[in-house]
Amino acid sequence: MTTLLPTSIVGSLPKPSWLAQPETLWSPWKLQGDALIEGKQDALRIAVQEQRRLGIDIISDGEQTRQHFVTTFIEHLNGVDFDQRETVRIRDRYDASVPTVVGAVSREKPVFIDDAKYLRQQTDQPIKWALPGPMTMIDTLADRHYKSREKLAWEFATILNQEARELEAAGVDIIQFDEPAFNVFFDEMQDWGVATLERAAEGLRAETVVHICYGYGIKANTDWKATLGSEWRQYEESFPLLQQSAIDVISLECQHSHVPMDLLELIRGKKVMLGAIDVASATVETPEQVAETLRSALAFVDADKLIPSTNCGMAPLSRDVARGKLSALSAGRDIIRAEIAATKP
Ligand SMILES: [Zn+2]
5 MTTLLPTSIV GSLPKPSWLA QPETLWSPWK LQGDALIEGK QDALRIAVQE QRRLGIDIIS
65 DGEQTRQHFV TTFIEHLNGV DFDQRETVRI RDRYDASVPT VVGAVSREKP VFIDDAKYLR
125 QQTDQPIKWA LPGPMTMIDT LADRHYKSRE KLAWEFATIL NQEARELEAA GVDIIQFDEP
185 AFNVFFDEMQ DWGVATLERA AEGLRAETVV HICYGYGIKA NTDWKATLGS EWRQYEESFP
245 LLQQSAIDVI SLECQHSHVP MDLLELIRGK KVMLGAIDVA SATVETPEQV AETLRSALAF
305 VDADKLIPST NCGMAPLSRD VARGKLSALS AGRDIIRAEI AATKP
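In this text, residue positions in the sequence shown follow my numbering: the first is 5, and each later residue adds one.
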């Protein structure tokens with residue numbers, strides 16, 4: 005990519021109301037059978053058109069064909085029983101009823117490849133596809149088979165690598181792994197978290213991203229954030245490990261968060277997908293607010309390594325608000341681009 009400061013979204017966009025209940029996570033589909041397949045493709049196409057119209061350079065599917073960024077992938081695997089549910093604590097933060105691992109996990113057939121090929125047909129711009137990371141996957145399950153978080157993570161890493169290689173072959177330019185669990189389980193991250201993530205990304209020519217955030221704008225997350233104090237230093241634990249890792253791009257949350265910007269110094273040399281749009285608020289940022297966040301990041305990130313982005317997925321927002329935020333993201337980026345151009349001799 006030669007564009008300076010290419011914009012991107014992290015993952016989800018709100019779905020149209022004819023496809024699924026808006027502003028809701030895990031919203032059930034409103035269509036069935038062939039109509040559902042067609043409806044998902046229509047929604048994906050709209051998501052692409054809107055990103056392009058609103059100045060987004062790296063195009064994603066907006067997760068229009070999946071219910072949830074972790075569970076939809078797991079649903080397609082063998083070894084997990086979705087009827088046998090147990091209540092577990094997710095990311096040490098909230099209890100949820102989750103499916104159970106009852107046998108060896110494996111991927112019988114590709115999960116997202118047809119959707120990715122469809123996305124590829126819609127645009128010549130670079131496309132990015134998000135997968136859950138191994139640690140975030142195990143944290144969303146009860147395990148009655150491996151009885152070891154690490155063992156299960158290695159199994160998932162192998163499966164993710166199969167899927168990622170096929171996504172790459174389908175024409176995906178950038179493959180992202182969502183690992184919000186890296187913001188919570190620092191010891192495990194050091195012991196085997198980064199290693200399993202690197203296994204998931206092994207052998208890829210596509211650029212790789214790891215996304216670590218403080219979560220969607222749902223109550224369990226905003227309550228947790230309220231306990232973190234005035235300075236959020238969680239990234240201080242994870243960044244040095246990621247700086248040393250084989251992953252190309254680090255995606256993080258910086259808009260309206262209490263992350264001290266100088267922590268970016270810890271990942272110097274990596275590309276940074278910088279969250280400059282708050283997804284936990286329905287207030288649309290002004291272009292100048294976006295520009296201010298990008299400007300302060302440029303003290304620690306070289307301009308050719310900065311990818312202006314959203315903090316996280318936008319599924320819980322209204323479509324109007326999400327559109328406004330994409331527009332603010334590209335307008336804020338334009339301000340910085342002009343400033344950089346003006347300082348060139
Ligand atoms: Zn996120």
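Glycine residues also receive a C-beta, built at the ideal position from the N, C-alpha and C atoms. None of these values were measured; they are calculated from a predicted model.
Where residue i sits in the DSSP three-state scheme
i    : result
P103 : strand
F86  : strand
W133 : strand
T297 : helix
I94  : strand
L81  : strand
A108 : strand
D61  : coil
W33  : strand
D227 : helix
Rounded straight-line distance, which links the Cα of residue j to that of residue i
i    : j    : result
L321 : I50  : 16 Å
P130 : E211 : 11 Å
S375 : T76  : Residue 375 lies beyond the range of the chain shown here (5 to 349); nothing can be said about it.
L8   : R124 : 22 Å
L48  : I41  : 11 Å
L245 : E154 : 17 Å
D118 : P32  : 21 Å
R272 : R56  : 30 Å
A307 : P26  : 36 Å
P103 : H149 : 12 Å
D195 : T290 : 41 Å
L58  : Y220 : 22 Å
T226 : A284 : 8 Å
V214 : Q247 : 11 Å
Endpoints, beta strand (DSSP E) assigned at residue i
i    : result
V253 : V253 to E257
D182 : I178 to D182
T212 : E211 to H215
L310 : L310 to S313
K275 : K275 to G279
Distance CB(residue i)-CB(residue j) smaller than 8 Å
i    : j    : result
I311 : K275 : yes
I222 : L145 : no
D65  : P10  : no
A301 : L278 : yes
E241 : H262 : no
K132 : I178 : yes
K113 : A174 : no
L17  : A326 : yes
I254 : K329 : no
P138 : F160 : yes
L81  : I163 : yes
Limits of the unbroken alpha helix (DSSP H) element including residue i
i    : result
P138 : P138 to I142
L201 : V198 to A204
V14  : Unbroken run through V14: none, as it is neither H nor E.
I339 : R323 to T347
T162 : R153 to A173
A120 : I117 to Q126
beta-carbon residue i near ligand 2 non-hydrogen atom, thresh 7 Å
i    : result
A210 : This structure does not include ligand 2; its bound ligands are ligand 1.
Residues around ligand 1, please: the condition is that the C-beta lies closer than 5 Å to some non-hydrogen atom of it.
C217 and C316
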